[in-house]
């Protein structure tokens with residue numbers, strides 16, 4: 006009986022470890038966007054959402070992430086992480102609260118909202134000096150994209 010309880014404890018522990026609330030890398034060229042079903046190709050525009058239940062959703066652009074949250078009526082309690090890749094550091098997932106966003110007609114994004122994420126406000130400002138555009142934080146850009 007003790008052996009059964011011991012084995013059950015081990016399996017339960019392994020199961021709980023496998024259900025972590027951690028993001029995972031986007032497999033560019035393989036993963037599909039959870040919102041529009043396009044293959045995620047451009048490493049400068051990926052995004053990811055991890056739900057509070059551990060389900061991972063990947064997106065081909067920040068605007069698809071925003072639309073997915075909006076159309077699925079997800080609340081803050083439903084979400085563990087929202088992440089984007091920085092244009093200036095492709096493939097690196099960063100928390101949306103730490104990212105800076107610009108909307109510029111000179112930077113077309115995969116879904117046509119001209120929305121681009123950067124790893125810092127300083128990097129975003131440098132790009133604005135180069136191509137023009139408007140600077141946003143995560144909450145402001147969400148409202149702008151939802152109301153477009």
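Numbering (our numbering), first residue to last: 6 to 153. Using N, Cα and C, we set each Cβ at its ideal position, and we do this for glycine too. Keep in mind the model is a prediction, meaning the values are calculated, not measured.
As for any alpha helix (DSSP H) of minimum length 4 sitting wholly inside the region 53-100, the runs are 67-76, ordered along the chain. Put simply, the backbone Cα of residue 119 is about 6 Å away from that of residue 110. Membership of residue 121 in the beta strand (DSSP E) is indicated by the continuous run 120-123.
Looking at the DSSP output, residue 139 sits in a beta bridge with 108. Of the residues 39, 136 and 62, the one whose Cα lies closest to the Cα of residue 29 is 62.
In the pairwise beta carbon analysis, the region 115-130 is classified as touching the region 43-57: at least three pairs are separated by under 8 Å.
Judged by DSSP in its simplified three-state form, residue 32 adopts coil rather than helix or strand.
When secondary structure is reduced to three states using DSSP, residue 48 falls in the coil class, being assigned neither helix nor strand. Between the C-alpha atoms of residue 95 and residue 102 there is a straight-line separation of about 18 Å. Distance from the CA of residue 129 to the CA of residue 80, rounded to the nearest whole angstrom, comes to 28 Å. The straight-line gap separating the alpha-carbon atoms of residue 135 and residue 112 is approximately 11 Å. Looking at the DSSP output, residue 37 bridges to 44.
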